[in-house]
Every structure is written in structure tokens, then in C-alpha cells.
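Read the structure below first, then the notes.
In mature numbering (1 follows the signal peptide of the UniProt record, and there is no 0), the protein residues as written are -20 to -1, 1 to 271.
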């Protein structure tokens, strides 16, 4: 699962490379309407294939929905208010250069394309994003048309994960010591990941031109499937700090307890990874020993 999450994280990070939204449309082409194409409903409450480490190398596309995302919809800014979500699709194809989709929508809202100029939904894209307010009725409905617009698909997940119950989480972290966490899973089908999130203090309150905060770092620690505790070893923390830079007094520090559900669906002869993640982000104080 650790490899799977890291691979999904790499896919997700691609979305931050470019982000623009322009309302210009190509006038000579329109998407088929609901009456013209019958959408095939895909039940994402079950998986067609087991999700295991290394799965990412076998899939053709990945869709991810993140509840309680830490960046708001327009105007973009940092938040831990649990009011916003981020939805993302990244396509690949082992036999072709990419796996583009048309007209991607999340819960009825049109998603925006990345890597091209604007949000033109009449052209296919391999990168789709949407940042929006979280609905109270918590659901997942992702719609899209395939490459040649001959078929429409509606992926639905109603049995979404319930956030893990955190029973032990420090509000102060001593950098030179192990960090211990305790939690209770609400479903054996869910994976738990605990991350340290470092955000530059001088950007916390800024209005962002793009939905990304420069200098933000996230250190990921997946929990084992049969365990209800996790320890961030001080040696691992030191290693991560050496690789990506240690947090300083100029960083705000947060703990993010993530509960995720992953399924793989065979859609149009393609293996699609569907992920639903719930963030539980809490501020903590980082302390260092004084010699």
C-alpha cells in the first residue's frame, strides 16, 4: 500500500504543474447530450481487481477525490476548515501515449483540463481537476466520455469511507523523539496514512494565483493494514529532513490523518483506479531540544 500511495501521490502532484481556466470554447464542436449517449453506471463500491502494492504500474488511469482538502476553491487559499474537496484524474496508457477523456465532471460540476489552454471540454485531456465546496450529502459521482465520445460512464461510490477515529495524537511534537499515534479503523477496507504537513507561515493567509502553496512539504507514513497504531521513528524523520529540508520556525506544522478507499474498475477495457480520501488535518507545535 505504501508503494501504491506514493505512486498515487506522484500522479496527483502532476496536477500542480499547470493550472489555467479560460471560458473560450471551440464553437464548431459540442459534446453529445445525455439524450444522445446513455451513460453506463459503474458501481465503485466494489473492486474488480485486488488493490495491492505495484498496482499503479498496471492501471490505465487514476481518479482521486479528496475530502477536506487544504486549498479552497476560487479564490484559492490555505484552509483546514473541512469545507472543500479536490478531484483529479490522470490518464496513462501502456499501449498508447496517453488515455484522454472528454467532458469530465464531478458531482455534476465540469472539471478543468490541465496541460492545455483553458477549460475547453470539447477537447480530450489526460489531466482534469476541480476544487470546490464539500457537499453535506457526501457522495461520489464522476462522469466522462471516452476518447471517441462514443460512450459515457458514470462512476458512483455511495459506500464511501468513514474517517478513522484518532485516539492518540500529540499536540506538541519533539523533533528528536519518536512520534506515536493511535487510531481506530471503521472498516477493514480502508487504508490509513498519517502525514506531517509543513506550510510556510508567510503564505498561510495569502490569496493564491494557482491552487498550490510553494514550499509546502508532506512526509507520508502509511499504517499497516492490521494495525491501529503508528510510530514515526526519529531516524526516518531525520532521513526525510535531509532529503527535502527540515522544517524551521518559518513553517506551520500540521498532522494529517488520511482515510482512503481504493478500488479498480474495468471500464471500456481499461483498468481505472478510483480513490476516495478523507483528510483530518490538525495543527501541532514543533519543538526542539535546547542543548
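Glycine included, C-beta positions come from ideal geometry on N, C-alpha and C. From a predicted model like this one, the values you see are computed outputs, not experimental measurements.
Next item on the list: Taking all protein chains shown into account, decide if residue 268 is buried (16 or more other Cβ within 10 angstroms of its Cβ) or exposed.
Entry: Classification for residue 268: exposed.
Next item on the list: With a floor of 4 residues, list each alpha helix (DSSP H) that falls wholly inside the region 113 to 143, ordered by position along the chain.
Entry: The region 113 to 143 is shown to contain no whole alpha helix (DSSP H) run of 4 or more residues.
Note to self: Quick check: residue 165 and residue 208, are their CB atoms within less than 8 Å of each other?
What the structure shows: With contacts defined as CB atoms closer than 8 Å, residue 165 and residue 208 qualify as a contacting pair.
Notebook entry, point to check: Buried or exposed: residue 3, going by 16 or more other Cβ atoms within 10 Å of its Cβ?
Noted result: Because the pLDDT of residue 3 is 36, which lies under 50, any placement of that residue in the model is unreliable, and the number read from its coordinates should be weighed accordingly. Residue burial is scored here from C-beta neighbours: residue 3 has fewer than 16 other C-beta atoms within 10 angstroms and is therefore classed as exposed.
Notebook entry, point to check: Taking the alpha helix (DSSP H) that residue 223 falls in, what are its first and last residues?
Noted result: Counting along the chain, the alpha helix (DSSP H) containing residue 223 begins and ends at 214 to 224.
Notebook entry, point to check: What span of residues does the beta strand (DSSP E) with residue 180 cover, start to end?
Noted result: Run containing residue 180: 171 to 180, per the beta strand (DSSP E) assignment.
Notebook entry, point to check: So, helix, strand or coil for residue 24, using DSSP?
Noted result: Coil at residue 24, not helix or strand.
Check: Within 10 angstroms of its Cβ, does residue 232 collect 16 or more other Cβ (buried), or is it exposed?
Finding: Answer is buried; the Cβ neighbour count reaches 16.
Notebook entry, point to check: What are the boundary residues of the beta strand (DSSP E) that includes residue 264?
Noted result: Counting along the chain, the unbroken beta strand (DSSP E) around residue 264 starts and ends at 250 to 267.
Check: Residues in its own chain within less than 7 Å of residue 212 by CB, not counting five upstream and five downstream?
Finding: Answer for residue 212: 158, 159 and 201, listed in chain order.
Notebook entry, point to check: If we ignore side chains and look at the alpha-carbon of each, how far apart do residue 255 and residue 198 end up?
Noted result: Answer to the nearest angstrom: the Cα atoms are 19 Å apart.
Item checked: Unbroken beta strand (DSSP E) run spanning residue 241, endpoints -> Following the DSSP letters along the chain, one finds residue 241 inside the beta strand (DSSP E) bounded by residues 231 to 247.
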